[in-house]
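Engineer:
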Amino acid sequence: MPASSGNGAVTRSTLRQQIADALRDEVLAGRLQPGQEFTVKEIAEQYGVSATPVREALVDLSAQGLLDADQHRGFRVHEYSLADFQGMIEARGLVTDGMFHGLAKGLAAAGPAGSGTGGRVTGFASDSPGPRGFFVRVGDPRAAAALAGVRRRGEEARRAATAGELNILIGYDLRFWRELGALFGNPYLTDFLHRLHVQCWVCAVQHLRRLDDLRGRLWSGHTEVVDALTRRDLADAHRLVDEYDAHSLALLEGTAPGGNGGTLV
1162 MPASSGNGAV TRSTLRQQIA DALRDEVLAG RLQPGQEFTV KEIAEQYGVS ATPVREALVD
1222 LSAQGLLDAD QHRGFRVHEY SLADFQGMIE ARGLVTDGMF HGLAKGLAAA GPAGSGTGGR
1282 VTGFASDSPG PRGFFVRVGD PRAAAALAGV RRRGEEARRA ATAGELNILI GYDLRFWREL
1342 GALFGNPYLT DFLHRLHVQC WVCAVQHLRR LDDLRGRLWS GHTEVVDALT RRDLADAHRL
1402 VDEYDAHSLA LLEGTAPGGN GGTLV
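Residue numbers for the sequence shown follow this note's numbering, so the first one is 1162 and each next one is one higher.
What follows is the structure, given as structure tokens:
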């Protein structure tokens, strides 16, 4: 059974979502360990609520891949393997690449073969539509304002990563990618990408918390991604995402049993 965070009883509005969020945070914080079991009754008693919203919240978390349901024993935190993480990273990179490619609709064609662009679009045309009409024109103030807001979130994530503050980083990282994804106007893509990032962090925390000092070892290129998109350099945005994926995988491979202690690429 998870330890109480000390925040008191959960209020009854949006109870199902609040309980799901609270338990997800317990998993991300490492207070609920992989394989740990608990029942609906235990969670209901902890939060002082009825069993129904708790059961609904646990079913939601099971559907998201964070919990496993056992008909006779309740629920347990899902145990992800390194192979699972590798699959998540691959899926995350493909989705993010696809999101960036959405910006390529109507953009200037890539340079000729051998020009060093690698066949990728390197910039926006001077007057071209973006996904769902968001990036209507280069310099559109809506786009600039939205990207500036995401960049501020990225600055907080970068500071947390540099300081090795894992709990703070996770919160800002999830918000950064969710808000960045929302700019492209497809809620299905945004929700799917958010779920992948949550699953990646759930898998990662069990390994990262074995390290005594994470300062300077966590990826901190959030603002660089926004800067690349702001100057319409999709090739650099792709490069940064590839770097993020490789960095994440190398870090976890290094902290897993038998690894090299977390040496990064």
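Each residue gets a CB set at the ideal place from its N, CA and C atoms; glycine is no exception.
(1) Buried or exposed for His1233, please, with buried defined as at least 16 other CB atoms from any protein chain shown within 10 angstroms of its CB.
(2) Starting from the C-beta of Ser1223, find all residues in its chain whose C-beta is less than 8 Å away, skip the five residues before and the five after it, and write them out in chain order.
(3) Assuming Val1359 and Arg1185 form a contact by the criterion Cβ under 8 Å, report the distance between their Cβ atoms to the nearest whole angstrom.
(4) Can you list, in chain order, the residues of its chain with a C-beta nearer than 6 Å to that of Tyr1405? Leave out the 5 residues immediately preceding and following it.
(5) Between which residues of its own chain and Gly1423 is the CB-CB distance below 7 Å, once the five residues before and five after are set aside?
(6) Mind checking Ala1270: buried by the 16 CB within 10 Å criterion, or exposed?
(7) Rounded to whole angstroms, what's the CA-CA distance from Val1311 to Leu1390? Just pull it up for me.
(8) Under 8 Å: do the stretch 1397 to 1404 and the stretch 1319 to 1329 share three or more Cβ pairs, one atom per stretch?
(9) According to DSSP, is Glu1198 part of a helix, a strand, or is it coil?
(10) Identify every residue that forms a DSSP beta bridge with Ala1230.
(11) Using 10 angstroms around the beta-carbon of Tyr1349, count the other beta-carbons present and answer buried if the total reaches 16, otherwise exposed.
(12) Counting only runs that start and end within the stretch 1310 to 1351, where is the alpha helix (DSSP H) found for 4 or more residues in a row?
(13) Suppose contacts are defined by Cβ-Cβ distances below 8 Å. Is Ile1180 in contact with Ala1218 by that definition?
(14) Under a three-way DSSP split, which group does Arg1173 fall into?
(15) Report yes if the C-beta distance between Val1188 and Val1363 is below 8 Å; otherwise report no.
(16) For Phe1246, which residues of its own chain have a beta-carbon under 6 Å away from its beta-carbon, when the five flanking residues on both sides are left out?
(17) Does the beta-carbon of Thr1257 have 16 or more other beta-carbons within 10 angstroms, so that it is buried, or is it exposed?
Structural biologist: In brief:
(1) exposed
(2) Asp1229, Ala1230, Phe1236
(3) 7 Å
(4) Trp1380
(5) With a pLDDT of only 35 at Gly1423, under 50, the local geometry of the prediction cannot be trusted, and the value read off the model is given with reservation. For Gly1423, where only same-chain residues beyond five positions count, the Cβ hits under 7 Å are Leu1372, Arg1378, Leu1412, Gly1415, Thr1416.
(6) Low confidence applies here, because Ala1270 scores a pLDDT of 33, under 50, leaving its location unreliable; read the following figure in that light. With fewer than 16 other Cβ atoms within 10 Å, it is exposed.
(7) 11 Å
(8) no
(9) strand
(10) Phe1236
(11) exposed
(12) 1327 to 1343
(13) yes
(14) Model confidence at Arg1173 stands at a pLDDT of 46, short of 50, so the residue's coordinates are unreliable; what they give is reported in the following sentence. Three-state result, Arg1173: coil.
(15) yes
(16) Cys1364, Leu1413
(17) buried
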